[in-house]
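Visitor:
Numbering (the working numbering), first residue to last: 213 to 514.
The following block contains the structure:
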């Protein structure tokens, strides 16, 4: 199956507060429910008067994080929250940024989001809008999501392989199966990490993996205005001998890279399910390319 069949929101507003990983500022957000679903997936961001969808065509920066914006407003580090929304099956909500310009990093993983959002998940009624030439592809997608055998309604292009490449980096996604394959290669002492994880177990095996960084890079990153809020309680730090603070998994960096891919992929505009993903040295820019490819096939966008 390619698209989740049910629409879900949160039954009540959920708030999160904490430091921003890169800005170092105090950040506060609220996840609001929606009353009805007019698209198969509709996650929006709001800050003041700015309202825009959490979609690939609003990605404005991918330097060490995924930043979404509308020209007037930029919201940084959305990937962990987007991964949590995908993992919990939430397809419709409004993310209101109440303070700061970044999603709070919390403990550096998606787990706090997953636990809080999973506890308030609620189904939402899907409303199919009246047909018009400009919305035919969106209507097809909404109908496919509501049908018991949605995969039968997918356009032919959605049964193929989606690939994004840059130098020695690669992402490949194909519908069918249900496995996340990952490979990363960093200088010693981290080195090579590789593994495979069930897609259905992402909330347990991927969500707890924290963002990571190298102690030797901290000063340079901060001079660039990045990692201002990074600390041992919200990141796995790697020094010249290995993990500087206790790791949650032996291959926690690999799992976190897959977490980032899942969050960035959700920017395609649909909650994909039942796919196999191969991620070789992934990064936010490559992740956004893959989300764009899927969205263009799904919604016939230019």
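For glycine and all other residues, C-beta sits at the position ideal for the given N, C-alpha and C.
These figures come from a predicted structure and were not determined experimentally.
Between residue 322 and residue 447, which are expected to be in contact by the criterion C-beta below 8 Å, what is the C-beta distance as a whole number of angstroms?
Guide: The Cβ separation is near 14 Å, so there is no contact.
Visitor: Going by beta carbon distance, what residues of the same chain come within less than 8 Å of residue 177, once the five residues before and after it are set aside?
Guide: This structure does not reach residue 177, given that the chain is present from 213 up to 514, and the question cannot be answered.
Visitor: May I ask you to list the residues that DSSP assigns as paired with residue 488?
Guide: Paired residue(s): 386.
Visitor: Which same chain residues, not among the five before or five after residue 342, have their C-beta less than 7 Å away from its C-beta?
Guide: Bear in mind that the predicted position of residue 342 carries a pLDDT of just 44, short of 50, making it unreliable; the figure below should be weighed with that in mind. Around residue 342: no qualifying Cβ.
Visitor: Which runs of the alpha helix (DSSP H), 4 residues or longer, sit entirely within the stretch 370-436?
Guide: If we require 4 residues or more, the alpha helix (DSSP H) runs fully inside the stretch 370-436 come out as 414-417, 430-435.
Visitor: Which of the three DSSP states is assigned to residue 325 in this structure?
Guide: Of the three classes helix, strand and coil, the one that applies to residue 325 here is helix, per DSSP.
Visitor: Could you tell me the boundaries of the alpha helix (DSSP H) in which residue 292 lies?
Guide: Segment 291-300, the alpha helix (DSSP H) holding residue 292.
Visitor: Do you know offhand how far residue 501's Cα is from residue 471's?
Guide: Looking at the two C-alpha atoms, the distance is approximately 16 Å.
Visitor: State buried or exposed for residue 453, treating a residue as buried only when at least 16 other CB atoms are found within 10 Å of its CB.
Guide: Counting Cβ neighbours within 10 Å, residue 453 comes out exposed, since fewer than 16 surround it.
Visitor: Are the CB atoms of residue 486 and residue 387 nearer to each other than 8 Å?
Guide: Closer than 8 Å, so yes.
Visitor: Sort 492, 304, 257, 451 by Cα distance to residue 333 and report the nearest one.
Guide: Out of 492, 304, 257, 451, 304 has the C-alpha closest to the C-alpha of residue 333.
Visitor: What distance in whole Å lies between the Cβ atoms of residue 378 and residue 280, which are believed to be in contact at a cut-off of 8 Å?
Guide: So it is not a contact: roughly 21 Å between Cβ atoms.
Visitor: For the alpha helix (DSSP H) that residue 465 lies in, which residues bound it at each end?
Guide: That run of the alpha helix (DSSP H) goes 464-477.
Visitor: Determine the DSSP secondary structure at residue 305, reduced to helix, strand or coil.
Guide: Residue 305: strand per DSSP, three-state reduction.
Visitor: In the structure shown, what three-state DSSP assignment does residue 502 receive?
Guide: Three-state DSSP puts residue 502 in a helix.
Visitor: Can you tell me where the beta strand (DSSP E) holding residue 495 begins and where it ends?
Guide: Element bounds for residue 495: n/a, residue is neither H nor E.
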